[in-house]
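Here's the structure, in structure tokens; my notes come after.
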Amino acid sequence: MNASPYLPTPGYARWRKAKSTAVTAVLVACALVVIAPLFLVIYFLLRQGYSAIDLNFFTQLPKPTGVPGGGMANAIVGTITLLAMAAVIGVPLGVMGGVYLAEYGSDRVNNWLRFAADVLNGVPSIVWGMVVYLMLVVPFKTFSAYAGGTALGLMMIPLVMRTTEEVLILVPQSYREAALALGVARWKVIMVIVVRTALKGIATGVIVAMARIAGETAPLLFTALGNNFWNHNLKEPISALPLQIFAYAISPYDDWHRQAWAGALVLMALILALNILVRVLSRDRRLTT
Amino acid sequence: MSSVTTTSPVLPESTSRGPDLAFKWVAGAAALVVVALIVLVGWQLYAGSRLAIHKFGFSFLWTREWNPVEDQYGALPFIFGTLVSSLIALLIAVPLGVATALFLTELAPLRLRQPVVMVIEMLAAVPSVIFGLWGIFVLIPWLRDHLFVWLKHSLGFLPLFRGPIYGVSMLAAGIIIAIMILPIVTSIAREILRSVPNLQREAAYALGATRWEVLKIAVLSYARRGLFGAAILGLGRALGETMAVTMVIGNNPQIAASLFAPGYTLASVIANEFAEATSDLYLNSLFELGLVLLAVTILVNVLAQLMLKSMTGSGPIKVG
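Sequences listed follow chains A and B, in order. To convert, count from 1 in the first sequence and add 44; that's my numbering. To convert, count from 1 in the second sequence and add 60; that's my numbering.
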């Protein structure tokens, strides 16, 4: 630009303004591009999934190749079973770990523990599958619901731990002091006063973690494996919605593709429902981030 | 806090510190589980890959051949695929994510911010396998028939955009990963931009800067480090992305210059071949790929945490 920095010409000022307006437009366009995929995904889920969903989808087992119809009843039940098993592992360990971070421990130790939890959070989900395969599938010589639930449960621990710590810290210090002043034992103060007060926030964190792992496929591939029939024994392979969606999506059959869309719609609905539950729970108090 | 642990001797409850100590130890043990798990994960992957490590040594990392029939295994095509697909994803997601974060913190009317943030959070909730399904049946056909054709026409002089178009490709994988890491990049970038003091902006405006100049001089330059951290964190996510990538990348262990060519990543070869690994060496090699993936992601994540920590000062930004 030939304009002096002290006396800008009108042309230069116009150029700067135009540039600013252009950048504004670009930013708006970028934001639109970013939110577009969600709507595109939801649109196709509804369009493709809705036509494939009927009562059979929720009540029947998958049909063998070439036989039309059938459903994913076992996969739906399987996903719920796996989530429950994951919660059994992830919630107690995560909550107790969060309690330690919020109530005990020196700053230095806690910083390291938090750091470890964050590192653990970044471990790719496929790696969890491999680790649990070595831990539970190889020794017992069978893929099992236990292995699948464990893989998901281990993934939950750092998630639940961090959110629990965050909500416990929000409980006013005066609550603890008041109870301690009355002579209540520390562990009772924590369990009855602190955790009780923050229960809603902890529950929110747990649900967030459940929503995160409900759609996980990679850790289940060689732990839960999948199953075309009902699982009657947790020591045997179990089906799950994400596994079934994956298997059907990469299959060459149109009918299975339709079912995959239907399964995806159900899975998405489940995850959205969990997310809405979180919003309702945390509406009055922003206990989650 | 330790000063208030002494409880009154009057109440029977406090006569014994036994339960208190026990509770503390249980909680401590639960917290230590995260450390134990890191060790466990690393150790298990190492134990699972010992055969391959002994047989191939470090040359595993730069061997091009992946041939289960002849029991020859090398990681290079997968490392290449993982890096290239993640790089494409970053090139798309970082500018878009930062721009959206700028839009959300600096431009958007207050009433619009919350809904847009909510949409982005929802995008983060979509499972990988659903993106993969959508990728196979919606994105890939569109890319194959429109975007790729156009790219080939207009940029075909570059080796990157030459060769036959199949649809499934490195570029498709990069685009899917970009969509998947956009939420995390955007939300961290937003946190960073929100931590830029308003004084910065006001000072720039007072000098007569236009809006873009304010963003450039006062906001972006101030937040540069943190935004870089956000990008690295996005990279950490991108490297480990499995299902959606497996479904759109074409799963072919080759190193091709063209982005239209199919590729393979560390995570997707594990997902595809683990269950059918026939020989011990094959399985061990897959475990070693997992070990490489784990090492790289942990390294990248630790780097990102350190950068973000130094940016915000008050502890690491919560991820996820």
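From the three backbone atoms N, C-alpha and C, an ideal C-beta is built for every residue, glycine too. Everything numeric in this text was worked out from a predicted model, so none of it was measured.
For I180(B), the closest alpha carbon among the candidates W202(B), M367(B), L136(B), I248(B) is that of I248(B). Within chain B, G192, L193, I196, M307 have C-beta atoms less than 7 Å from the C-beta of A293(A), given in sequence order. With fewer than 16 other Cβ atoms from the protein chains shown falling within 10 Å of its own Cβ, H276(A) counts as exposed. Residue-level contact by beta carbon fails for Q260(B) and chain A, as no gap is shorter than 8 Å.
Under DSSP, the beta-bridge partners assigned to G114(A) are P106(A).
Closest in C-alpha terms to Q314(B), from the list W202(B), E273(B), S229(B), E130(B), comes S229(B). In the structure shown, Q132(B) adopts extended strand secondary structure according to DSSP, grouped into three states.
Per DSSP, the beta-bridge partners of I282(A) are L269(A).
DSSP places N127(B) in the strand class (E or B) of the three-state scheme.
Contact check for P286(A) and L269(A): beta-carbon distance about 12 Å, past the 8 Å limit, so the pair fails to qualify. The C-beta distance from N100(A) to G113(A) rounds to 6 Å, short enough to meet the 8 Å contact threshold.
Per DSSP, the unbroken alpha helix (DSSP H) holding M205(A) starts and ends at 189 to 214. Residues are counted here when their Cβ sits less than 8 Å from a Cβ of chain A; for the stretch 110 to 140 of chain B the count is zero. In chain order, A269, T270, W272, E273 make up the part of chain B whose C-beta sits under 9 Å from the C-beta of R60(A). For L145(A), the chain B residues whose C-beta falls within less than 7 Å of its own C-beta are A91, listed in chain order.
Ranking A90(B), A91(B), Y133(B), I309(B) by CA distance to the CA of I148(B) puts I309(B) first. Contacts with chain B (Cβ-Cβ distance below 8 Å) from the stretch 257 to 289 of chain A involve A258, G259, E260, T261, A262, L265, F266, L269, P286, I289, listed in chain order. In this structure, F83(B) lies away from Y324(B), with their beta-carbon atoms at least 8 Å apart. Put simply, the stretch 315 to 330 of chain A does not touch the stretch 224 to 239 of chain A. Fewer than three CB pairs are less than 8 Å apart. Contact of N361(B) with chain A is assigned, a C-beta pair being separated by under 8 Å. Its chain contains W172, I257 as the residues whose beta carbon lies nearer than 6 Å to that of M199(A), once the 5 sequence neighbours on both sides are disregarded; these appear in chain order. It is roughly 44 Å from the alpha-carbon of A153(B) to the alpha-carbon of M235(A). Pairing T160(B) with F83(A), the inter-Cα distance amounts to about 16 Å.
Between the alpha carbons of D340(B) and A253(A) lies a distance of about 35 Å.
Remark: C-beta atoms of T302(B) and A327(B) approach each other more closely than 8 Å. If you draw a straight line from the Cα of L349(B) to the Cα of R220(A), it is about 49 Å long.
Within chain B, the residues placing a beta-carbon under 9 Å from that of K63(A) are T270, W272, E273, ordered along the chain.
Comparing C-alpha distances from S169(A) to each of P263(A), Y292(A), T53(A) shows the shortest one belongs to P263(A). Assignment of V176(B) by DSSP, reduced to helix, strand and coil, places it in the helix class. Residue environment for L89(A): buried (at least 16 other C-beta atoms within 10 angstroms of its C-beta).
Shown here for I252(B): same chain residues with a beta carbon closer than 7 Å to its own, the five before and five after excluded, namely A283, G286, L287, A290, M371 in chain order.
Positions of the beta strand (DSSP E) runs, each at least 3 residues long and wholly inside the stretch 136 to 172 of chain A, cannot be given because no such run exists. Those residues of the stretch 288 to 315 of chain B placed with their C-beta closer than 9 Å to a C-beta in chain A are L293, G296, R297, L299, G300, E301, T302, M303, T306, M307, ordered along the chain.
Within chain B, no C-beta atom comes less than 7 Å from the C-beta of F102(A); the nearest is roughly 19 Å away. Rounded to the nearest angstrom, the gap between the Cα atoms of V158(B) and L180(A) is 43 Å.
With contacts defined by Cβ atoms closer than 8 Å, I97(A) and A291(A) do not form a contacting pair.
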